[in-house]
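Novice:
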Amino acid sequence: YVAGANQALEKLEAARESGDHSAIFLYEKNLAFHLGGHVNHSIWWKNLSPNGGDKPVGELAAAIDDQFGSFDKFRAQFTAAANGLQGSGWAVLGYDTLGQKLLTFQLYDQQANVPLGIIPLLQVDMWEHAFYL
Numbered sequence: 001y002v003a004g005a006n007q008a009l010e011k012l013e014a015a016r017e018s019g020d021h022s023a024i025f026l027y028e029k030n031l032a033f034h035l036g037g038h039v040n041h042s043i044w045w046k047n048l049s050p051n052g053g054d055k056p057v058g059e060l061a062a063a064i065d066d067q068f069g070s071f072d073k074f075r076a077q078f079t080a081a082a083n084g085l086q087g088s089g090w091a092v093l094g095y096d097t098l099g100q101k102l103l104t105f106q107l108y109d110q111q112a113n114v115p116l117g118i119i120p121l122l123q124v125d126m127w128e129h130a131f132y133l
């Protein structure tokens, strides 16, 4: 993704210099795809553990219980978000800095379409390649 973003930046600069507006839009879209892919996978890799996972503890556990009712209810909602994606994308647990609440939502494709003020905490890759093994 980093190489793709760098390539898109180079082509975007050339398109801007030449005034090729249709190419500008194409390379902006390519840049968003590659940057989104890099950011999404960077978060996802940090979510993985060689020792497996378990229910969260501490502040996150308390927030999940408070806002979803229980960890099992959160897991059901998060799983529904993941399974409900049409096409490729990500299921996300994020912290809304404005509302000061946890939210689950879906990201489509790779574009960085995270709502403003949201900090992604947990992401699950629901692209086809993630579960074809």
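The sequence shown lines up with residues 1 to 133 when you count with UniProt numbering.
We put the beta carbon where it would ideally sit given N, CA and C, even for glycine.
Report buried or exposed for residue 74, applying the criterion of at least 16 other Cβ atoms within 10 angstroms of its Cβ.
Specialist: The residue is buried, with at least 16 neighbouring Cβ atoms inside 10 Å.
Novice: Just confirm the distance between the C-beta atoms of residue 33 and residue 100, as a whole number of angstroms; I'd bet it's less than 8 Å.
Specialist: Incorrect: roughly 31 Å between the Cβ atoms, too far for contact.
Novice: By how many angstroms is the C-alpha of residue 129 removed from the C-alpha of residue 83?
Specialist: 15 Å
Novice: Around the C-beta of residue 123, are 16 or more other C-beta atoms found within 10 angstroms, so that it is buried, or is it exposed?
Specialist: buried
Novice: By how many angstroms is the C-alpha of residue 10 removed from the C-alpha of residue 17?
Specialist: For the pair residue 17 and residue 10, the Cα-to-Cα distance works out to about 11 Å.
Novice: Measure the C-alpha to C-alpha separation of residue 20 and residue 94 and round it to an integer number of angstroms.
Specialist: 38 Å
Novice: Take residue 28 as the anchor and find which of 43, 98, 44, 8 has the nearest alpha-carbon.
Specialist: 8
Novice: With which residues is residue 118 paired in a DSSP beta bridge?
Specialist: 96
Novice: For the alpha helix (DSSP H) that residue 187 lies in, which residues bound it at each end?
Specialist: This structure does not reach residue 187, given that the chain is present from 1 up to 133, and the question cannot be answered.
Novice: Near residue 119, what residues of its chain come up, given a Cβ to Cβ distance below 7 Å and the 5 sequence neighbours on each side ignored?
Specialist: 94, 95, 97
Novice: Pull the bridge partners of residue 9 from the DSSP assignment, please.
Specialist: In DSSP, residue 9 forms no bridge with anything.
Novice: Within 10 angstroms of its Cβ, does residue 78 collect 16 or more other Cβ (buried), or is it exposed?
Specialist: buried
Novice: Closest to residue 60 by CA distance: which of 86, 44, 102 is it?
Specialist: Nearest Cα to residue 60 within the set 86, 44, 102: 102.
Novice: Is the separation between the beta-carbon of residue 5 and that of residue 38 shorter than 8 Å?
Specialist: yes
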